[in-house]
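Beneath this line is the structure, given in structure tokens, with notes to follow.
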Amino acid sequence: MDLLKRKVAVRCPGWDNDKPTRYFSQPYSLVEGLEWIYHVLINPPRSHGPFEEFVPDNSVINTVMPRIKLGFIGDIMILEGMDLRIGEDIRRFFSDTDFLVGNFEGTIVTGHRKQVFMAQAHTEEILDHLSKLFPPERTVLSCANNHTGDYGWDGFCESYRRLQDYGFITVGRRDEPSVLIDGKVNIVGCTRWSNQKCEFVATIDEVDDYFAGDAEFNILYPHWGYEMQLRPKYHQVLHGRSLLNMWDMIIGHHSHCPQPVELCETNRNTRLLAYSLGNFCSSENMGDTPIGIILKADIGPDSNGVWGVGRMNWEFIYAFLHKKQRCVELEIRRTEPARS
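Yeah, the sequence shown ends on 350 if you go by the working numbering, and it's all consecutive.
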């Protein structure tokens, strides 16, 4: 399949210049910041919420002739020196997909960097882990998230190049927000949030510029919503459903816990809205609480030539922290691994 990195004109002079970063930064208003403290530091969620809010995990959404199968994961968080063991059940889940899409949360940092509060500083080991999950040349990594600007333009560019040098397909920079697959499927990475002030990241405010009118199927992959909240706020629900009047599918991330996966009826077909897949990996021990969702979907035309989502599958994934071995183990179904 042919891949084309889509370029868009940026109308903001100086968008690709470095700007000073602050040690303490966060993207929220005062009220939102207090909510963050409560949900993240005081009372993080310990349940995935009512299961009936989720579309059944093996569903045929529209009757289509599949042309491409895409897989999706959520936030790829730092491991803080831990090894990552990805279960064979997760690898098998994605074994029949053509491309995998994930959110690369943070920056690959080598050498000394300015200290930034709660920055997501990855090491190059994460690239080895991801390449063992899925071939880099068929893995699309969105670099549009609230930690994109942690180390400024120079740090971002260095990390962006390292991902590309390893073979990964990168999107989410303001001038190249998306990738077009076979001239048919447009995958857009963008963010609502940025901890640091930066203008080089693709934002959800400019999604109209990222929509490919000549594509058959447009996928929005946004970093939006609020952290550690099991359900999206009402205004986000309204926003997401309104976006589906234009976009063919929305797969979100940022909450660090799984949020509902729902279907929305439009005048053309039924469309899929996953508010947040949560985390794919992190160094936190979540035990019997799912860390996130993995999802895959067939995409193709129906009998009238209208492209849509056909069969869709999703699974909760769980993370187990083994302190003595200094590793995090990811699995689809909760088991009882030896505690250490």
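Ideal Cβ positions, reconstructed from N, Cα and C, are used throughout, including at glycine.
Fair warning: this is a prediction, and the values are worked out from it, not measured in the lab.
Residue range of the unbroken alpha helix (DSSP H) whose run includes residue i
i: H122; result: Where H122 is concerned, there is no enclosing alpha helix (DSSP H), given that its DSSP letter is neither H nor E.
i: R101; result: E98 to F103
i: K142; result: E135 to L143
DSSP three-state assignment for residue i, whether helix, strand or coil
i: K79; result: strand
i: R251; result: helix
i: I71; result: coil
i: I88; result: coil
i: R183; result: strand
i: V50; result: helix
i: R32; result: coil
i: H157; result: coil
i: R16; result: strand
i: Q246; result: helix
i: G24; result: coil
i: P146; result: helix
i: E294; result: coil
i: L44; result: helix
i: E237; result: coil
i: P347; result: Here P347 scores only 43 on pLDDT, less than 50, and its place in the model is too uncertain to base an answer on.
Beta strand (DSSP E) segment containing residue i, residue limits
i: W324; result: W317 to H332
i: F227; result: F227 to H233
i: D164; result: Not the beta strand (DSSP E): D164 falls in the alpha helix (DSSP H), residues G162 to D175.
i: K275; result: Note that residue 275 is Glu in the sequence shown, not Lys. From DSSP, the beta strand (DSSP E) with E275 extends over V271 to E275.
i: D308; result: G302 to P311
i: F221; result: Where F221 is concerned, there is no enclosing beta strand (DSSP E), given that its DSSP letter is neither H nor E.
i: F109; result: F109 to F114
i: F290; result: N289 to C291
i: L151; result: T149 to S152
Anticipated Cβ contact below 8 Å, residue i with residue j, distance rounded
i: G302; j: G81; result: Contact doesn't hold; Cβ gap of about 13 Å is too wide.
i: I71; j: V247; result: No, I71 and V247 are not in contact; Cβ-Cβ is about 19 Å, not under 8 Å.
i: L143; j: I96; result: 5 Å
i: Y231; j: I261; result: 5 Å
i: H233; j: H264; result: 5 Å
i: Y38; j: W46; result: 6 Å
i: Y161; j: T31; result: 7 Å
i: L273; j: L287; result: So it is not a contact: roughly 16 Å between Cβ atoms.
i: I88; j: A154; result: 17 Å between Cβ atoms; not a contact.
i: M322; j: S69; result: 5 Å
i: P23; j: G310; result: With a Cβ gap of about 42 Å, P23 and G310 do not count as contacting.
i: T201; j: T158; result: 7 Å
i: D28; j: D164; result: 5 Å
i: Q174; j: S35; result: That belief does not hold up - the Cβ atoms of Q174 and S35 are roughly 27 Å apart, past 8 Å.
i: L151; j: F109; result: Contact doesn't hold; Cβ gap of about 11 Å is too wide.
i: I78; j: V198; result: Wrong, their Cβ atoms sit about 16 Å apart, outside the cutoff.
Which residues DSSP lists as bridging residue i, in chain order
i: P37; result: DSSP output for P37 lists no bridge partner at all.
i: T213; result: T201
i: M259; result: I229 and L282
i: V338; result: L94 and L331
i: H266; result: DSSP output for H266 lists no bridge partner at all.
i: N196; result: L190 and N228
i: H132; result: I118
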